[in-house]
Amino acid sequence: MYFVVAANGSNAYYASVTEDGFGEKDLYMVTFLSEADKPISKMSVLSGYITDAVDKAPVSAFIELIDLNKQERIGSYITDSKTGKYLISLPSGRKYGAFVYADGYMFESNYFDISDSSTFREITLDVEMKSLEAGNNIVLNNIFFDTDKTLLKPESQMTLQQIIKLMNDYPTLQVEISGHTDTDGRDDYNQNSVKPELRVLLII
Numbered sequence: 001m002y003f004v005v006a007a008n009g010s011n012a013y014y015a016s017v018t019e020d021g022f023g024e025k026d027l028y029m030v031t032f033l034s035e036a037d038k039p040i041s042k043m044s045v046l047s048g049y050i051t052d053a054v055d056k057a058p059v060s061a062f063i064e065l066i067d068l069n070k071q072e073r074i075g076s077y078i079t080d081s082k083t084g085k086y087l088i089s090l091p092s093g094r095k096y097g098a099f100v101y102a103d104g105y106m107f108e109s110n111y112f113d114i115s116d117s118s119t120f121r122e123i124t125l126d127v128e129m130k131s132l133e134a135g136n137n138i139v140l141n142n143i144f145f146d147t148d149k150t151l152l153k154p155e156s157q158m159t160l161q162q163i164i165k166l167m168n169d170y171p172t173l174q175v176e177i178s179g180h181t182d183t184d185g186r187d188d189y190n191q192n193s194v195k196p197e198l199r200v201l202l203i204i
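Under my numbering, the residues of the sequence shown are numbered 1 to 204, in order.
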């Protein structure tokens with residue numbers, strides 16, 4: 001194959017000889033995009049450390065990313081066993097749920113929204129894992145309600161599945177799920193309201 005760049009710097013030409021070509025030698029022209037025409041990168045980077053909540057030691061953990069809008073798994077990742085560090089490249093323009101698992105620990109759920117981002121972003125998410133001991137609790141960040149309603153949004157389904165899995169994996173585990181009202185609206189209304197809030201606790 002022969003490749004030559006034109007004097008204008010915007011085009012190049014090459015000749016190719018292949019068995020499935022159109023003739024003995026096929027000629028092709030390449031057009032280079034200007035800086036203004038190049039597509040904007042729509043990738044972001046998620047990174048951080050997974051550690052023990054008590055002694056801050058690195059934890060070898062398994063991270064699962066979920067597209068909350070589509071309720072689809074984007075990918076699964078493993079932290080560095082010696083440092084607890086992870087680094088994940090992921091598409092922008094989505095709402096994500098991040099679930100973190102490790103043997104002997106309660107799972108952690110996190111939520112971040114980069115659906116309005118069309119440029120590169122760096123997101124830091126450090127997670128402290130709590131052991132499966134009586135009295136420990138975690139915030140279920142991926143439980144969503146509409147305002148003044150008690151019905152769960154579809155984006156909550158993945159978190160509910162993780163609670164079911166946790167209880168199936170540890171049949172003798174006793175858990176309590178509790179919630180409280182949010183701060184939207186008047187104080188007197190919130191104090192007498194039964195509306196749920198996004199902060200829901202899973203207590204062992």
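Backbone N, C-alpha and C fix where the C-beta goes; we use that ideal spot for every residue, glycine too.
It should be emphasised that the depicted structure is a prediction, and the values quoted were computed from it without experimental measurement.
Asked	Found
Can you list, in chain order, the residues of its chain with a C-beta nearer than 6 Å to that of V127? Leave out the 5 residues immediately preceding and following it.	I50, V100 and E108
In terms of alpha-carbon separation, which member of V54, R121, M158 and L65 lies closest to E133?	V54
Which residue or residues does DSSP assign as beta-bridge partners of P91?	M43
Opposite F32 in the DSSP bridges: which residues?	Paired residue(s): none; F32 is not in a bridge.
Suppose the cutoff is 6 Å on Cβ atoms and the five residues either side in sequence are ignored; what does the same chain contact list for Y170 look like?	none
In angstroms with no decimal places, state the Cα-to-Cα distance between L198 and F112.	Bear in mind that a pLDDT of 42 at L198, under 50, signals an unreliable position, so the number given afterwards is only what the model happens to contain. Each residue's alpha carbon lies about 14 Å from the other.
Quick check: what's the CA-CA separation for N168 versus L125?	28 Å
One question on the structure: do S81 and I114 come within less than 7 Å of each other, judged by their Cβ atoms?	no
Would A98 pass as a contact of L68 if the rule is Cβ separation under 7 Å?	no
Tell me which same chain residues have a C-beta within less than 7 Å of the C-beta of I78, skipping the five on either side of it?	F62
Name the one or two DSSP bridge partners that D169 has.	Answer is none; D169 lacks a bridge partner.
Got a sec? Which residues, its chain only, sit under 6 Å from F32 by beta carbon, not counting five neighbours each side?	S10
Which term fits M43, buried or exposed, when burial requires 16 or more other beta carbons within 10 angstroms of its beta carbon?	exposed
Straight-line CA distance for S76 to Y86?	11 Å
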